[in-house]
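A quick write-up on the structure given underneath.
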Ligand code: CTP
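Following this line, the structure appears as structure tokens:
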């Protein structure tokens with residue numbers, strides 16, 4: 237989604253300026269066209285050459301450069317941008333932006349720029365907390381700017397406090413989210429489930445599964461990047477994903493907790509949910525009576541021969557229940573099926589039994605597909621009997637392919653009489 241996007245990046249004179257170099261590199265690798273503008277003070281920390289080498293484009297640092305090029309281009313740069321990102325944004329530049337000043341290249345471009353403004357303040361914590369800085373941030377937010385909140389941690393001053401420049405991955409997620417505002421899921425509310433549920437045996441043990449959560453997280457992030465409001469309900473995940481940006485994340489443990497969260501989101505939402513994608517690997521059985529205390533060897537729970545019997549009872553089928561639930565009618569429902577045998581036959585019968593709009597099936601026994609992998613090879617089963625076999629793709633691309641098929645279903649529902 238970043239391909240050919242025009243991003244003007246303002247870099248201000250703070251110690252975090254050097255970290256903006258990594259941001260430019262990642263944006264450029266993702267295909268964005270990044271025009272970097274350094275404030276005069278930024279050039280004391282980093283050089284235009286650093287950014288020119290990384291962005292493969294000329295860098296602006298002086299509105300009044302003798303060639304006249306910067307002065308001639310500042311309106312066009314602002315007008316043609318898809319996003320104006322200021323990272324790091326210092327207290328001084330926030331004040332200048334809030335005041336609408338145009339005393340250097342960055343602020344002059346900002347005044348001529350109708351694109352969304354994304355600000356990543358980074359400074360010493362007292363400067364950040366000062367009423368003047370906070371008032372300037374409020375002013376900018378009221379005018380439509382989005383703020384990437386600075387992180388808490390070790391600061392260049394030697395103190396620990398709020399004001400740290402966020403990780404590149406966090407900044408990239410904000411960039412994608414802001415650029416995606418007008419996407420084909422804009423105005424839609426979607427619920428995605430991810431990870432695996434865990435059923436306790438006793439306070440320390442559980443029955444779980446090998447779900448990494450990667451597919452569900454990719455689906456949630458892709459929906460966000462297309463403008464949707466996303467609720468991600470996640471069970472246990474073996475992948476260590478950073479907290480997703482711009483996505484409401486709710487953690488659950490057991491299947492019953494997942495069911496309660498999905499039902500609350502889909503049936504009791506004040507604003508209706510448009511789509512539910514169940515990528516979670518749900519435990520079909522739970523221990524009938526988890527022990528209140530840790531099960532000990534030789535305890536009364538054991539059978540006479542030293543074996544232990546656990547009685548499992550069936551969990552409700554969350555998707556199947558929604559199929560006949562009037563309050564969930566109209567929600568586009570997508571299920572997943574992780575199979576090890578007879579993929580097509582099982583998938584088709586699941587789609588029918590759970591009355592799904594789409595079923596995404598994968599053969600978890602295949603290399604590169606299923607649990608814990610970065611890629612997935614899936615087949616998409618449609619209500620009308622069509623089956624599309626996709627190639628082995630990164631999970632982000634599988635997620636995009638799934639939303640590509642959900643979008644027309646959402647549109648079809650709107651035009652239905
Ligand atoms: N699912 C669900 N509730 C359950 C079990 C599964 O909503 N109790 C959802 C999953 O999130 C997935 C789809 O149903 O989207 C299919 O899950 P899967 O475990 O493959 O199907 P099951 O119906 O459990 O069939 P089986 O385990 O017998 O293959």
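In our numbering, the protein residues as written are 237 to 653.
Where is the CB? At the ideal position from N, CA and C, for every residue including glycine.
*By how many angstroms is the C-alpha of residue 399 removed from the C-alpha of residue 388?*
Locating residue 388 in the chain shown gives position 152, counting from the first residue. Locating residue 399 in the chain shown gives position 163, counting from the first residue. Those two C-alpha atoms are separated by around 6 Å.
*Which whole-angstrom value is the C-beta distance of residue 510 and residue 424, which I expect to be below 8 Å?*
Residue numbering aside, residue 510 sits at position 274 when the chain shown is read from its first letter. Residue numbering aside, residue 424 sits at position 188 when the chain shown is read from its first letter. Correct: roughly 4 Å between the Cβ atoms.
*Nearest-angstrom Cα distance between residue 338 and residue 383?*
Counting from 1 along the chain shown, the entry for residue 338 is found at position 102. Counting from 1 along the chain shown, the entry for residue 383 is found at position 147. CA-to-CA, the gap between residue 338 and residue 383 works out to about 21 Å.
*Residue from 303, 322, 588 and 551 whose Cα sits closest to the Cα of residue 352*: Here residue 352 is taken as the residue at index 116 of the chain shown, counted from 1. Answer by Cα proximity: 322.
*Quick one: give me the first and last residue of the alpha helix (DSSP H) that residue 434 is part of.*
Sequence index remark: in the chain shown, residue 434 carries index 198 (1-based). Here residue 434 belongs to no alpha helix (DSSP H), and DSSP marks it neither H nor E.
*Apart from the five residues just before and just after residue 518, which ones in its own chain have a Cβ nearer than 6 Å to its Cβ?*
Against the chain shown, residue 518 aligns to sequence position 282. The answer, listed in chain order, is 433 and 491.
*Report whether the distance from the Cβ of residue 590 to the nearest heavy atom of ligand 1 is below 7 Å.*
The sequence position of residue 590 within the chain shown is 354, counting from 1. Annotation for residue 590 indicates a beta carbon within 7 Å of some heavy atom of ligand 1.
*Under a three-way DSSP split, which group does residue 258 fall into?*
Here residue 258 corresponds to residue number 22 of the chain shown, with the count starting at 1. It is helical.
_Just list the residues that DSSP pairs residue 442 with in beta bridges._
Taking the first residue of the chain shown as position 1, residue 442 is located at position 206. In DSSP, residue 442 forms a bridge with 436.
*Taking 7 Å as the line, does the beta carbon of residue 586 fall inside it for any heavy atom of ligand 1?*
Within the chain shown, numbered from 1, the residue matching residue 586 stands at position 350. Indeed, a heavy atom of ligand 1 lies less than 7 Å from the Cβ.
*Quick one: using the 10 Å Cβ neighbour count with 16 as the cut-off for buried, is residue 544 buried or exposed?*
On the chain shown, residue 544 is found 308 positions in, with the first residue counted as 1. Here residue 544 is exposed. Its C-beta has fewer than 16 other C-beta atoms within 10 Å.
*asked:* DSSP three-state label for residue 520, please.
replied: Looking up residue 520 in the chain shown gives position 284. Correct three-state label for residue 520: coil.
*Whole beta strand (DSSP E) runs in the stretch 471-506 with 3 or more residues, listed along the chain?*
You should have 484-487.
*Using three-state DSSP, classify residue 640 as helix, strand or coil.*
Translated into the one-based positions of the chain shown, residue 640 becomes position 404. Reduced to three states, the DSSP call for residue 640 is helix.
*Under 8 Å, do residue 419 and residue 462 count as touching if we go by C-beta distance?*
Position 183 of the chain shown, counted from the first residue, corresponds to residue 419. Position 226 of the chain shown, counted from the first residue, corresponds to residue 462. Taking 8 Å as the Cβ cut-off, residue 419 and residue 462 qualify as a contacting pair.
*Rounded to a whole number of angstroms, what is the C-alpha to C-alpha distance between residue 276 and residue 422?*
Working through the chain shown from its first residue, we reach residue 276 at position 40. Working through the chain shown from its first residue, we reach residue 422 at position 186. Cα to Cα, the separation comes out at about 38 Å.
*Should residue 510 be flagged as near chain B, meaning a C-beta pair shorter than 8 Å?*
In summary, chain B is missing from the structure at hand, where a single protein chain is found.
*Do you know offhand how far residue 370's Cα is from residue 354's?*
As a working note, residue 370 is residue 134 in the chain shown. As a working note, residue 354 is residue 118 in the chain shown. Cα-Cα distance, rounded: 16 Å.
*Work out the CA separation of residue 622 and residue 178 for me, nearest whole Å.*
The structure shown has nothing for residue 178, since the chain only spans 237 to 653.
*Look at residue 600 and residue 515 and say whether their C-beta atoms are less than 8 Å apart.*
Working through the chain shown from its first residue, we reach residue 600 at position 364. Working through the chain shown from its first residue, we reach residue 515 at position 279. No.
*Under the criterion of a Cβ to heavy atom distance below 7 Å, does residue 491 qualify as lining ligand 1?*
Numbered from its first residue, the chain shown carries residue 491 at position 255. Flag set: Cβ of residue 491 near ligand 1.
*Limits of the unbroken beta strand (DSSP E) element including residue 242*: Against the chain shown, residue 242 aligns to sequence position 6. Counting along the chain, the unbroken beta strand (DSSP E) around residue 242 starts and ends at 242-247.
*Identify whether residue 284 lies in helix, strand or coil by the three-state DSSP scheme.*
The residue labelled residue 284 in the question sits at position 48 within the chain shown. DSSP places residue 284 in helix when its eight states are reduced to three.
*residue 593 to residue 445 span [Cα, whole Å]*: To locate residue 593, count along the chain shown from 1; it is residue 357. To locate residue 445, count along the chain shown from 1; it is residue 209. Between residue 593 and residue 445, the alpha-carbon positions lie close to 26 Å from each other.
*When we look at the beta-carbon of residue 291 and count the other beta-carbons within 10 Å, is it buried (16 or more) or exposed?*
As a position in the chain shown, residue 291 is number 55, starting the count at 1. Label assigned to residue 291: buried.
*Give me whichever residues DSSP pairs with residue 231 in a beta bridge.*
Beyond the ends of the chain as shown, which are 237 and 653, falls residue 231; an answer cannot be given.
_Residues near residue 632 in its chain [Cβ-Cβ closer than 8 Å; skip 5 each side]_ = As a working mapping, residue 632 is identified with position 396 in the chain shown. Excluding sequence neighbours, residue 632 sits near 454, 457 and 458.
*Please go through the same chain and pick out, in chain order, the residues whose beta-carbon is closer than 7 Å to the beta-carbon of residue 333, but skip the five residues on each side of it.*
For the purposes of this step, residue 333 is taken as residue 97 along the chain shown, with counting starting at 1. Here the set comprises 343, 346 and 376.
_Need the endpoints of the alpha helix (DSSP H) that residue 607 sits in, please._
Counted from its first residue, the chain shown places residue 607 at position 371. Per DSSP, residue 607 belongs to no alpha helix (DSSP H) and is neither H nor E.
_One question on the structure: do residue 340 and residue 243 come within less than 8 Å of each other, judged by their Cβ atoms?_
Your numbering for residue 340 matches position 104 in the chain shown. Your numbering for residue 243 matches position 7 in the chain shown. Remark: C-beta atoms of residue 340 and residue 243 do not approach each other more closely than 8 Å.
_If contact is defined by three or more beta carbon pairs under 8 Å, each pair taking one atom from either stretch, is the stretch 531-544 in contact with the stretch 573-587?_
The stretch 573-587 vs the stretch 531-544: no contact.
_Looking at ligand 1, does it come within less than 7 Å of residue 375, judged from the CB to the closest heavy atom?_
For the purposes of this step, residue 375 is identified with residue 139 of the chain shown, where counting begins at 1. Within 7 Å of the C-beta of residue 375 there is not a single heavy atom belonging to ligand 1.
*Consider the C-beta atom of residue 574 and the heavy atoms of ligand 1; say whether any pair is separated by less than 7 Å.*
Taking the first residue of the chain shown as position 1, residue 574 is located at position 338. Within the cutoff, so yes.
*DSSP bridge partner residues for residue 298 (one or two, in chain order)*: Residue 298 sits at position 62 when you count from the first residue of the chain shown. None; residue 298 has no bridge partner.
_Nearest to residue 358 (by Cα), restricted to the options 301, 378, 385 and 550_ = As a position in the chain shown, residue 358 is number 122, starting the count at 1. For the residues 301, 378, 385 and 550, the minimum Cα distance to residue 358 belongs to 385.
*Is any heavy atom of ligand 1 found at a distance shorter than 7 Å from the C-beta of residue 567?*
Taking the chain shown and counting its residues from 1, one reaches residue 567 at position 331. With a threshold of 7 Å, the Cβ atom of residue 567 does not count as near ligand 1, since no heavy atom of the ligand is closer than that.
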